[in-house]
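Enquirer: What follows is a structure written as structure tokens; I'll ask about it next.
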Amino acid sequence: MKFVLVIPDGAADEPQSSLGGKTPLQGAVIPHMDAVAASGFIGQADHVPASMPSGSDVGTMSLFGYDPRKFHTGRAPLEAAAQGIELGPLDWCIRCNFVTVVDDKMVSFTAEQIPSTLARQLIETLQRDQCGNEHWKFFPGVSYRNLLVYRARNTPAPFGPTTMTTPPHDITEQLIAPYLPQGPGAELLRELMERSKSLLTACPANAERAATGSHTATQTWLWGQGQRPALTSFYERFGQRGAVITAVDLLRGLGRLLGWNVIEVEGATGYLDTDYAAKGKAAIQALKDDVTDFMVVHVEATDEASHEGKADEKVRALEQIDQHIVGPVHDYLRSQGDYRLLICPDHPTFLRTKTHSHGYVPFAMCGTGLVADRAVTYDEIAAAASSCRLDRGCELMPLLFQNAMSQSAVSSLSH
Ligand SMILES: [Zn+2]
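Below, the structure is given as structure tokens:
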């Protein structure tokens, strides 16, 4: 049997006045997602524990069947895995943003999308400054997204679970002082951030960019720290060999840590202009091979539309996912035999707040051995009327693989 999970990132939302009181899922024309709901069943799942920040790192971990309360250590270690950076059991990985701080306020958490070539030079400058220190190793990434690794070298790192840092995208236009690192090892992180100020100012290429009036990098911002998560491989856990299509590093990393094949698709951008059809085709191609039992197709565009507060773009992204991914993939699955298909976002992203939220997301699941409920559309309101509600979203993945599926089994898992 083949299994597919389609993740429209951040798709869950609230009713919009601009959409005549409908949610984007209700307002979008999505016949193929509706068909999944109509031939199967729908419900609600909560993938982000209240005690944790809402984001794809937490949400997708739960969606893949791993309780984030138990397995999530931080965002940076997932990005390290995506880049092929090995972490030792005592090492820590920390996200190192280049940011623009003016008058003690976070003006740009991306240093105005700093070019990768400049970012790389700045990373080299920071590394040179640590010459002789055996612990710190900087890794350049793409644009403002760089990583810093604390190599423990057999001595425990000074950080711990109570070390607190703040994502810089959460404090745009705010004073940074209250959000500097706190807790064990925080003074080390603060010191590195403080040191970066003069180092970046002294870098000629950076000074040149600043002189053009660009919001260039004034300092680093360290956050998202964690250790390599102790994840059991997906195959060991569920007996299925997985593959993932995504344009987002976090999901690539998580996929690698779970032992999945990460399939790169040309034209997948992680943005509204992504090549939806190429993703759909690549998913079908992967399902045809003999090494993929479980295919995950992740699309970031819906989340991005919410971050930009564009309801019409969110609707359009949903329609593209429906037409170019859910439709063709479902057709293929039906044509080849036994299958199950699941659609579920990782977390809600509200157009109103332009950011991630906690709360339930709607899911729809159909396929071999699944009994249909009465729902005929896939959206938040229909899902809320379902008797299936998973407060622990990580219980959804076992449902997908459950062999003798019956509605009573579903009901027994709902609260
Ligand atoms: Zn997002």
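Numbering (this note's numbering), first residue to last: 147 to 561. Idealized CB from N, CA, C, for every residue including glycine. Nothing here was measured: the structure is a model prediction, and the numbers come from that model.
1. Helix, strand or coil for L233 per DSSP?
2. Quick one: Cα of H504 to Cα of R341, how far?
3. Bridge partners of G401, per DSSP?
4. Is it buried or exposed for P154, if we count other Cβ within 10 angstroms and need 16 for buried?
5. Looking only at DSSP bridge pairs, what is F149 linked to?
6. From N292 to Q276, what does the alpha carbon distance come to, in whole angstroms?
7. Excluding sequence positions up to five away, which residues of its chain have a Cβ less than 8 Å from the Cβ of D421?
8. Specify whether the segment 196-212 and the segment 319-326 touch according to this definition: at least 3 beta carbon pairs, one from each stretch, less than 8 Å apart.
9. Residue range of the beta strand (DSSP E) that P286 falls in?
10. If I measure Cβ to Cβ from A157 and keep anything under 6 Å in the same chain, skipping five residues before and after, which residues do I get?
11. Check whether the Cβ of S208 sits closer than 7 Å to any heavy atom of ligand 1, and report yes or no.
12. I'd like the span of the beta strand (DSSP E) that includes F244, first residue to last.
13. Given this structure, state the Cα-to-Cα distance separating F384 from I188, to the nearest angstrom.
14. Just how far apart, CA to CA, sit D180 and H476?
15. What residues in its chain sit with their C-beta under 7 Å from that of C540, if we drop five residues either side in the sequence?
16. Starting from the C-beta of R374, find all residues in its chain whose C-beta is less than 6 Å away, skip the five residues before and the five after it, and write them out in chain order.
17. Is S202 near ligand 1, judged by its Cβ being under 7 Å from some heavy atom?
18. Is A457 near L165, with beta carbons less than 8 Å apart?
19. Tell me where the alpha helix (DSSP H) around F509 begins and ends.
20. When DSSP labels each residue in this structure, what does S163 get in the three-state scheme?
21. Grab the span of the alpha helix (DSSP H) containing T347 for me, first residue to last.
22. To test your reading of the DSSP string, which unbroken beta strand (DSSP E) runs of 3 or more residues are found completely within the segment 285-321?
23. If you follow the alpha helix (DSSP H) that A414 is in, where does it begin and where does it stop?
24. For Q190, write down the residues that DSSP places opposite it in a beta bridge.
25. If you measure from the CB of H504, is any heavy atom of ligand 1 nearer than 7 Å?
26. In three-state terms, what does DSSP make of N352?
27. Taking the beta carbon of A529 as the centre, do at least 16 other beta carbons fall within 10 Å, making it buried, or is it exposed?
28. Given the structure, does H114 come close to ligand 1, in the sense that its CB is under 7 Å from one of the ligand's heavy atoms?
Expert: With the structure as the only source:
1. coil
2. 36 Å
3. None, per the DSSP bridge assignment.
4. buried
5. F440 and R486
6. 16 Å
7. V411, E412, G413, A414 and T415
8. no
9. W282 to V288
10. T448 and P491
11. no
12. W238 to V248
13. 22 Å
14. 12 Å
15. S208, G211, Y212 and D213
16. P223 and L233
17. yes
18. yes
19. First-last for F509: V507 to G513, but that is the beta strand (DSSP E), not the alpha helix (DSSP H).
20. helix
21. A332 to A348
22. 291-296
23. A414 -> no alpha helix (DSSP H), and no H or E assigned at all.
24. P508 and R535
25. no
26. helix
27. buried
28. The structure shown has nothing for residue 114, since the chain only spans 147 to 561.
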